[in-house]
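Visitor: In this note's numbering, the protein residues as written are -5 to 346. The beta-carbon is built from N, C-alpha and C at its ideal position, and this holds for glycine as well. Predicted model only: the values in this text are computed from it and were never measured.
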Amino acid sequence: MAGLRQTIIRSGLESLYFTGAHIALRSFVEGVGAILTLHHVRPPRPGRFQPNRLLEVTPRFLTRVVKGLRRSGVDLISLDEMHRRMTEGDFSRRFVCLTFDDGYRDTLQWAYPVLKEAEVPFAVYVPTSFPDRLGELWWLALEAVIARNSRVGLVIDGRDCKFDCRTVAEKRALFDELYWWLRGRPTEAELRGVVRNLAAFYHVDIATFCSELCMSWTELAQLASDPLVTIGAHTVNHPMLAKLPKEAARSEIDLSRSVIEAALAVKPQHLSYPFGDRASSAAREFEIAAELGFKTAVTTRPGVLFAEHSQCMTALPRISLNGDFQRMRYVRVLLSGTATAMWNGFRRLDAA
Ligand SMILES: [Zn+2]
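1. Less than 7 Å separating the Cβ of Pro268 from some heavy atom of ligand 1?
2. Just to confirm, are Phe280 and Ala345 a CB contact at a threshold of 8 Å?
3. State the DSSP-derived secondary structure class of Cys306, mapped to helix, strand or coil.
4. Just to confirm, does Asp271 get its C-beta within under 7 Å of one of the non-hydrogen atoms of ligand 1?
5. Between the alpha carbons of Glu255 and Ala227, how many angstroms are there, rounded?
6. If I measure Cβ to Cβ from Val162 and keep anything under 7 Å in the same chain, skipping five residues before and after, which residues do I get?
7. Secondary structure at Thr334, three-state DSSP: helix, strand or coil?
8. Cβ atoms of Gly147 and Ile159: under 8 Å apart, would you say?
9. Can we count Asp95 as close to ligand 1, meaning its CB is less than 7 Å from some heavy atom?
10. Kindly identify the DSSP beta-bridge partner or partners of Val223.
11. Could you tell me whether the region 212 to 220 touches the region 170 to 181, where touching means 3 or more Cβ pairs closer than 8 Å?
12. Specify the secondary structure class of Leu343 as computed by DSSP and reduced to three states.
13. Roughly how many whole angstroms lie between the Cα atoms of Arg186 and Arg179?
14. Within the 8 Å Cβ cut-off, does Val35 reach chain C?
15. Run through the DSSP bridge pairs and tell me what Gly147 is partnered with.
16. Enumerate in chain order the residues of its own chain whose CB-to-CB distance from Leu168 is below 6 Å, with the five nearest sequence positions on each side excluded.
17. Any heavy atom of ligand 1 within a distance shorter than 7 Å of the CB on His264?
18. Could you give the distance in angstroms between the alpha-carbon of Ile87 and the alpha-carbon of Asp74?
19. Would you kindly check if the distance between the Cβ of Ile282 and the Cβ of Ile247 is under 8 Å?
20. Which residue comes first and which comes last in the alpha helix (DSSP H) that contains Pro233?
21. To which residues of the same chain is Arg47 closer than 6 Å at the C-beta, ignoring the five residues directly before and after it?
22. Just confirm the distance between the C-beta atoms of Phe116 and Phe94, as a whole number of angstroms; I'd bet it's less than 8 Å.
23. For ligand 1, is there any heavy atom lying closer than 7 Å to the beta carbon of His228?
24. To the nearest whole angstrom, what separates the beta carbons of Ser250 and Pro40, a pair I think is in contact under 8 Å?
25. What's the C-alpha gap between Leu102 and Arg153?
26. Residues in its own chain within less than 7 Å of Met(-5) by CB, not counting five upstream and five downstream?
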């Protein structure tokens, strides 16, 4: 299923590129700028079962993107500068912001040297439980359970279910099924409960993903000391906020800002909603972020920025640099706004 979806997206992006439609439609859809979403930046790894690979691009691809954007005359700017241009209506030049979610160590190890060399500002959104080493990167625990076993059992809707996952194809299919079933749980507590049980039963230590993959506070301080870097909030525990009671959602955001301020002596002015899709963040969360005084907050709803977004600065869309689509021509099409305009039915604002 995922394979088919990728093929459709790829052929859509290809046809927009090769027909030149992205250029023809540009003046209608391109907007004033865009915010890019990245997660991992690291060299390709061996192994055919990498269901989370869409969350990583290579340092080489990042270098190409930066060079390509610079060549096309786009300004690469910080979130503060984006906020200034949006609120002051300064749209004389198109701009792009680079944002990295989750605070992975490879941001420091691989992305930072590329961006430092090119003097590109960027933001890192940190869920504070990750450097506190209490975070649960549950999607990686799920991947590990499926990777290390040929049969996985769990209780779904009160029934004992067993799944074969011997082959790579079976593992991919099972990951997709369980991942989206988990994302569909009505509460964050249920999702976490299922994954904790699964990890305990199959001897996967969820805590290790944090220490292996995420920056420590010391490493974050190193990044934060560079004026090119903006440290943003990304909650404490990385929950799907919309599935928490309102007060809990509010304190996830508020507390994470205080923890970052205490640890790094900078008060985050910018927020990224974990997962960032419609089921994770919507009108209620956008309002909380505005009430708490964040200058901007970003979703993962796909789209470029229009002048109208200055009216909803805590509900900004982004464009994901997807590991399955590491071609500069896809980035050009995405930044032209054509593909996302089609996905969004040519609607510009989506802040509900
Ligand atoms: Zn995240």
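Guide: On the basis of the coordinates in this document:
1. Taking the sequence shown and counting its residues from 1, one reaches residue 268 at position 274. Yes - ligand 1 has a heavy atom lying nearer than 7 Å to the Cβ of Pro268.
2. Position 286 of the sequence shown holds residue 280. Position 351 of the sequence shown holds residue 345. In contact: Phe280 and Ala345 (Cβ atoms closer than 8 Å).
3. Residue 306 sits at position 312 when you count from the first residue of the sequence shown. Three-state DSSP puts Cys306 in coil, outside helix and strand.
4. Indexing the sequence shown from 1 puts residue 271 at position 277. False, no ligand heavy atom lies under 7 Å from that Cβ.
5. Looking up residue 255 in the sequence shown gives position 261. Looking up residue 227 in the sequence shown gives position 233. Going from the Cα of Glu255 to the Cα of Ala227 covers about 10 Å.
6. What you label residue 162 is simply residue 168 of the sequence shown in a count that begins at 1. Excluding its 5 nearest sequence neighbours in each direction, Val162 has C-beta neighbours in its own chain below 7 Å: Arg42, Phe43, listed in chain order.
7. Sequence index remark: in the sequence shown, residue 334 carries index 340 (1-based). Note: Thr334 maps to helix in three-state DSSP.
8. Locating residue 159 in the sequence shown gives position 165, counting from the first residue. Locating residue 147 in the sequence shown gives position 153, counting from the first residue. In the sequence under discussion, the amino acid at residue 159 is Cys, which differs from the Ile named in the question. Taking 8 Å as the Cβ cut-off, Cys159 and Gly147 do not qualify as a contacting pair.
9. Counting from 1 along the sequence shown, the entry for residue 95 is found at position 101. For Asp95, the shortest C-beta to heavy atom distance toward ligand 1 is below 7 Å.
10. In the sequence shown, counting from the first residue as 1, residue 223 sits at position 229. Looking at the DSSP output, Val223 shares a beta bridge with Phe116.
11. Verdict: no, contact absent.
12. Within the sequence shown, residue 343 is the residue found at index 349, counting from 1. Reduced to three states, the DSSP call for Leu343 is coil.
13. As a working note, residue 186 is residue 192 in the sequence shown. As a working note, residue 179 is residue 185 in the sequence shown. Between Arg186 and Arg179, the alpha-carbon positions lie close to 10 Å from each other.
14. Absent here is chain C; the protein component of the structure consists of one chain.
15. The residue given as residue 147 occupies position 153 in the sequence shown. In the DSSP secondary-structure assignment, Gly147 is bridged to Lys156.
16. Looking up residue 168 in the sequence shown gives position 174. Here the set comprises Ile140, Phe157, Cys159.
17. Locating residue 264 in the sequence shown gives position 270, counting from the first residue. Distances taken from the Cβ of His264 to the heavy atoms of ligand 1 include none shorter than 7 Å.
18. Taking the sequence shown and counting its residues from 1, one reaches residue 87 at position 93. Taking the sequence shown and counting its residues from 1, one reaches residue 74 at position 80. Residue identity differs from the one stated: residue 87 is Arg in this sequence, not Ile. One C-alpha to the other measures close to 16 Å.
19. For the purposes of this step, residue 247 is taken as residue 253 along the sequence shown, with counting starting at 1. For the purposes of this step, residue 282 is taken as residue 288 along the sequence shown, with counting starting at 1. The answer is yes: Cβ separation under 8 Å.
20. For the purposes of this step, residue 233 is taken as the residue at position 239 of the sequence shown. Boundaries for Pro233: no alpha helix (DSSP H) harbours it, and the DSSP string shows neither H nor E there.
21. Numbered from 1 along the sequence shown, position 53 holds the residue referred to as residue 47. For Arg47, where only same-chain residues beyond five positions count, the Cβ hits under 6 Å are Gly317.
22. Numbered from 1 along the sequence shown, position 122 holds the residue referred to as residue 116. Numbered from 1 along the sequence shown, position 100 holds the residue referred to as residue 94. Contact flag correct, Cβ pair sits at about 6 Å.
23. Along the sequence shown, one-based indexing puts residue 228 at 234. Yes, the beta carbon of His228 sits closer than 7 Å to at least one heavy atom of ligand 1.
24. Along the sequence shown, read from residue 1 onward, the residue named residue 250 stands at position 256. Along the sequence shown, read from residue 1 onward, the residue named residue 40 stands at position 46. The pair is not a contact, with the Cβ atoms about 35 Å apart (cut-off 8 Å).
25. By 1-based counting over the sequence shown, the position of residue 102 is 108. By 1-based counting over the sequence shown, the position of residue 153 is 159. Near 44 Å, if we compare the C-alpha coordinates of Arg153 and Leu102.
26. Taking the first residue of the sequence shown as 1, we reach residue -5 at position 1. Caution applies to Met(-5), whose pLDDT of 46 falls short of 50 and renders its modelled position unreliable; the value that the coordinates give is listed next. Excluding its 5 nearest sequence neighbours in each direction, Met(-5) has C-beta neighbours in its own chain below 7 Å: Asp170, listed in chain order.
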